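A.B. asks: Counting along the sequence shown from 1, when you hit position 72 you're at 82 in the numbering used here, and nothing is skipped either side. Idealized CB from N, CA, C, for every residue including glycine. The model shown is predicted, which means the values in this text are computed figures rather than measured ones.
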Amino acid sequence: MIRIAFFDTHAFEKEVFERENQAKQAITYFEPRLTESTALLASGFECVCAFANDKLDGATLALLAKGGTRLIALRSAGYNHVDLAAAKRLGLKVVRVPAYSPHSVAEHAVCLLLALNRKIFRAHDRVREMNFSLEGLVGFDLFGKVVGVVGTGKIGAVFARILLGFGCKVIAYDKVPDPELVKLGVVYKNFEGVLAESDVVSLHVPLCPETKHLIDAQSIVRMKTGAYLINTGRGGLVDASAVLKALKSKKLGAVGLDVYEEEESVFFKDLSDEGIEDDLLARLISFPNVLITSHQGFLTHEALTGIAQTTLGNIEAFMGNGVLVNEVVA
Ligand code: NAI
11 MIRIAFFDTH AFEKEVFERE NQAKQAITYF EPRLTESTAL LASGFECVCA FANDKLDGAT
71 LALLAKGGTR LIALRSAGYN HVDLAAAKRL GLKVVRVPAY SPHSVAEHAV CLLLALNRKI
131 FRAHDRVREM NFSLEGLVGF DLFGKVVGVV GTGKIGAVFA RILLGFGCKV IAYDKVPDPE
191 LVKLGVVYKN FEGVLAESDV VSLHVPLCPE TKHLIDAQSI VRMKTGAYLI NTGRGGLVDA
251 SAVLKALKSK KLGAVGLDVY EEEESVFFKD LSDEGIEDDL LARLISFPNV LITSHQGFLT
311 HEALTGIAQT TLGNIEAFMG NGVLVNEVVA
């Protein structure tokens, strides 16, 4: 049995981990996020289990290593929040969950798109106020529209298939095209080509130096006027201030975000009594054609179960033969 310090615990995942673990490992659930100031909680725990908004920078990792931690088990696919070079230097192994129900995130991206296009959230608010007016709620048929998928890995491929089912023309950009999607009719183009032709652009690439601010002022200029932008990848893929300008000038028709570059200080928290300090986010939220969710693409029963099973499997492998198929290295 290994002692696991579980950070940024939410009731919905604790329940699933308890069910899947069956008391095999000794898990202690901590509510705070993992940061340099909470890292001491993990003192004496061989394994730290962290999520997408925990801060695994050099200082935090140094404190964990000093406290006896040897394994960082990420409950996320993304690992852009971990200083991998520091982890290597400190002798910490890092494992992740490379795949868990790609349907959960792809379907959430489609959900953002449909809700924005058909103004579902605005219509719902109106009806609750007994306002049954249809003014301002006109959308468009997705059938026949061009949808650009940026990143056709596990999630992007599912997203592309769903949109093909709607009768859209799906075009895509990925450094490694998927021949199965090509067989289904997806046409690969370069990034600029996808931006120029798409009525909807949806981002599904990981965040890395190459993809940081992939959508910035220059790339937005290349997009069709009135295009929809959907981001369920990572906040850093998008320069949010450029998006704000493009919303003001009506260059972008609508924006759906499940992720935001500065989400750490806001997402997963109930700030309804306090409000938020992030003026850019507050301004984005104020637009009627912007829909923001709090990084909930993964929030389905199937995905949560997959995350728990793979995470516990990664930990067992570390304790057993030490062959870490899901290890992330610098
Ligand atoms: P994946 O690794 O299966 O696919 C990523 C694709 O992006 C690959 O096809 C790869 O070739 C392509 N790619 C990588 N770098 C590129 C570049 N510089 N230019 C062009 N293409 C590039 O990953 P998966 O599972 O589809 O996840 C994608 C991203 O979705 C994750 O990295 C993560 O950031 C995000 N995600 C968001 C979640 C949410 O709750 N909103 C949950 C899970 C993942």
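By alpha-carbon positions, which one of Asp288, Ala170, Ser212 ends up nearest to Lys193?
C.D. replies: Nearest C-alpha to Lys193: Ala170.
A.B. asks: Pairs of beta-carbons, one from the stretch 199-210 and one from the stretch 136-143, closer than 8 Å: are there three or more?
C.D. replies: Too few Cβ pairs lie closer than 8 Å, so no.
A.B. asks: With distances taken between CB atoms, is the gap from Thr320 to His118 smaller than 8 Å?
C.D. replies: No. Outside cutoff.
A.B. asks: Does the Cβ-Cβ distance between Ser208 and Ile181 come in under 8 Å?
C.D. replies: Contact: yes.
A.B. asks: Between the Cα of Ser275 and those of Gly263, Ala264, Asp289, spot the shortest distance and give me the residue it belongs to.
C.D. replies: For the residues Gly263, Ala264, Asp289, the minimum Cα distance to Ser275 belongs to Asp289.
A.B. asks: Could you tell me which whole beta strand (DSSP E) segments of length 3 or greater appear in the stretch 181-242?
C.D. replies: Qualifying beta strand (DSSP E) stretches, in chain order: 210-213, 237-241.
A.B. asks: Quick check on Glu271: does DSSP put it in helix, strand or coil?
C.D. replies: Looking at Glu271 - three-state DSSP - the assignment turns out to be coil, as it is neither helix nor strand.
A.B. asks: Taking the continuous beta strand (DSSP E) assigned at Arg13, which residues delimit it?
C.D. replies: Taken as a continuous stretch (DSSP letters only), the beta strand (DSSP E) holding Arg13 covers 13-16.
A.B. asks: Just to confirm, is the Cβ distance from Leu267 to Arg244 under 8 Å?
C.D. replies: Contact flag unset, no.
A.B. asks: To the nearest angstrom, how far is the alpha carbon of Leu94 from that of Ile82?
C.D. replies: Between Leu94 and Ile82, the C-alpha separation is close to 11 Å.
A.B. asks: Buried or exposed: where does Ala21 fall if 16 or more other Cβ atoms within 10 Å of its Cβ makes it buried?
C.D. replies: Exposed, by the Cβ-count rule.
A.B. asks: Quick one, which of Val107, Gly177, Val137 has its alpha-carbon nearest Ala313's?
C.D. replies: Per the Cα distances, Val107.
A.B. asks: Taking the alpha-carbon positions, what's the Gly332 to Asn31 distance?
C.D. replies: Spanning the two alpha carbons is a distance of roughly 19 Å.
A.B. asks: Should the stretch 51-68 be regarded as contacting the stretch 292-303, the criterion being three or more beta carbon pairs within less than 8 Å?
C.D. replies: No, the stretch 51-68 is not in contact with the stretch 292-303.
A.B. asks: Just how far apart, CA to CA, sit Cys121 and Gly307?
C.D. replies: Between Cys121 and Gly307, the C-alpha separation is close to 10 Å.
A.B. asks: Quick one, are the C-beta atoms of Val104 and Leu123 less than 8 Å apart?
C.D. replies: No. Outside cutoff.
A.B. asks: Helix, strand or coil for Gly263 per DSSP?
C.D. replies: Strand at Gly263.
A.B. asks: Ile286 lies in the beta strand (DSSP E); which residues open and close that run?
C.D. replies: Careful: Ile286 lies outside any beta strand (DSSP E) and carries neither H nor E.
A.B. asks: Buried or exposed: Leu50, going by 16 or more other Cβ atoms within 10 Å of its Cβ?
C.D. replies: When all chains shown are included, Leu50 counts as exposed.
A.B. asks: Check whether the Cβ of Glu190 lies closer than 7 Å to any heavy atom of the ligand NAI, and answer yes or no.
C.D. replies: Because no heavy atom of the ligand NAI lies under 7 Å away, the Cβ of Glu190 does not count as near it: no.
A.B. asks: Could you tell me which of Val210, Leu44, Asp184, Ala167 sits nearest to Leu126, measuring between CA atoms?
C.D. replies: The candidate whose alpha carbon is nearest that of Leu126 is Val210.
A.B. asks: I'd like to know whether the C-beta atoms of Glu46 and Ala69 end up nearer to each other than 8 Å.
C.D. replies: It is a contact, given that the beta carbons lie within the stated cut-off.
A.B. asks: Determine the extent of the alpha helix (DSSP H) in which Lys258 is found, giving its start and end residues.
C.D. replies: That run of the alpha helix (DSSP H) goes 250-258.
A.B. asks: In its own chain, which residues sit with a C-beta less than 7 Å from the C-beta of Ala237, not counting the 5 before and 5 after it?
C.D. replies: Hits under 7 Å: Ser208, Asp209, Val210, Val211, Leu262, Gly263.
A.B. asks: Can you give me the C-alpha to C-alpha distance between Arg132 and Phe176, rounded to a whole angstrom?
C.D. replies: Whole-angstrom Cα-Cα distance: 23 Å.
A.B. asks: Among Lys179, Thr162, Gly166, which has the Cα closest to the Cα of Lys155?
C.D. replies: Closest by alpha carbon: Lys179.
A.B. asks: Can you list, in chain order, the residues of its chain whose CB lies under 7 Å from that of Val115, leaving out five sequence neighbours each side?
C.D. replies: Excluding positions up to five away in sequence, the list reads Ile165, Thr242, Gly307, Phe308.
A.B. asks: What is the DSSP secondary structure of Ala125, counted as helix, strand or coil?
C.D. replies: DSSP places Ala125 in helix when its eight states are reduced to three.
A.B. asks: So what's Ser318 in DSSP terms, helix, strand or just coil?
C.D. replies: Residue identity check: residue 318 is Ala in the sequence provided, not Ser. DSSP places Ala318 in helix when its eight states are reduced to three.
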